[in-house]
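The next block holds one structure in the form of structure tokens; read it before the comments.
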Amino acid sequence: MATDTKERERHLSPSPESGEKPKPVTVRCPICEKEIEVSQYDAVTRSDALTKHIEKEHTGWPAKSTGRSSSSEQHPNPGDQQLEIKIYRLRTELQDLRDEAYNGHRGLTISDWVTSQDSPGVVINEERAKATPCKCFTYKGKDYCYSPGIIGMLEAGQVPSYCPTKEYEVRPGIKQRFEEFAAAASAAHKRIEHIPKGERLVPWLTEMGKELSVRGIEV
């Protein structure tokens, strides 16, 4: 990834003496290898551009099983292998971009915080979600899980359906963001308990903003 970054950064600052017109700033999609133009070459912009492109052009990847025979499974199609490699590269690059953005900006995005166990994750690929292990971590004695094919954290009721197995290996940044957000949410909730239900949203968001700001986090 470092090599790719250096290659792409060459397009950012052509020599003034050369008289060359600056080339567009781009990020490459690891699935289709299309160059996607971005307004600036930073982690947040690149991650957003890749995510939008993938949602538009590659929803549902990897493709559903075609019911190949056991013989085919023993000798996988080279095209399938290349697809798996590209998907792995994509997942790794997006994870790196998210970590880079978080470490550099100490910010949170709303999509990071579809995390409450009272709020279900958004299923975008049910077959994949049911067939792949969940990535989980433990916080205050409870398991919190993510599943490939689902955006956001799973609520408790989704776990039996979408977590055939659990893997307790999660990128440190994910757990750190969750713990910081949970601590801020708990502190904010204590300040709005006296407000009648149905009138708490705006006050809660206000208090959350204060708590996150105290922790040096921007939303």
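In the numbering used here, the protein residues as written are 888 to 1106.
Every residue gets a Cβ at the ideal spot worked out from N, C-alpha and C, and that includes glycine.
What you are looking at is a predicted structure, and each value in this text was computed from that prediction instead of being measured.
Closest by CA to residue i, which one among the options?
i, options, result
"Ile941", "Leu1041, Tyr1055, Gln927, Cys916", "Cys916"
"Cys1050", "Phe1065, Ile1082, Asp1030", "Asp1030"
"Ser934", "Val914, Ile1104, Lys943", "Val914"
"Arg1015", "Gly1036, Pro1090, Leu1041", "Gly1036"
"Val1101", "Ile1082, Ala1071, Arg1087, Ile1079", "Ala1071"
"Ala1018", "Thr938, Pro1047, Phe1065", "Pro1047"
"Cys1021", "Gly1028, Thr1052, Gly1044", "Thr1052"
"Lys1077", "Lys939, Leu937, Leu1092", "Leu1092"
"Glu1066", "Leu1088, Gly1044, Gly1028", "Gly1028"
"Arg1064", "Thr932, Leu1099, Glu1013", "Leu1099"
"Gly1096", "Gly1085, Ser1073, Lys943", "Ser1073"
For residue i and residue j, which I take to be in contact (beta-carbon distance under 8 Å), what is that distance rounded to the nearest angstrom?
i, j, result
"Glu920", "Val912", "Their Cβ separation, rounded to whole angstroms, is 17 Å, which puts Glu920 and Val912 out of contact at 8 Å."
"Ala1075", "Glu1094", "4 Å"
"Ala1069", "Tyr1026", "7 Å"
"Ile1104", "Pro1090", "With a Cβ gap of about 19 Å, Ile1104 and Pro1090 do not count as contacting."
"Ile1038", "Ile1082", "That pair is no contact at about 30 Å."
"Met1040", "Gly1008", "6 Å"
Under a CB-based cut-off of 9 Å, is residue i close to chain C?
i, result
"Glu944", "This model lacks chain C altogether, as it is built from one protein chain only."
When every heavy atom of the ligand ATP is checked, does at least one fall within less than 8 Å of the C-beta of residue i?
i, result
"Val1046", "In the structure shown, the ligand ATP is absent, as is every other ligand, since no ligand is present at all."
In the DSSP output, what is residue i paired with across the bridge?
i, result
"Thr913", "Glu924"
(request) Kindly provide the ranges of any beta strand (DSSP E) runs that are 3 or more residues long and lie completely inside the region 1005-1088, ordered along the chain. (result) 1021-1026, 1029-1033
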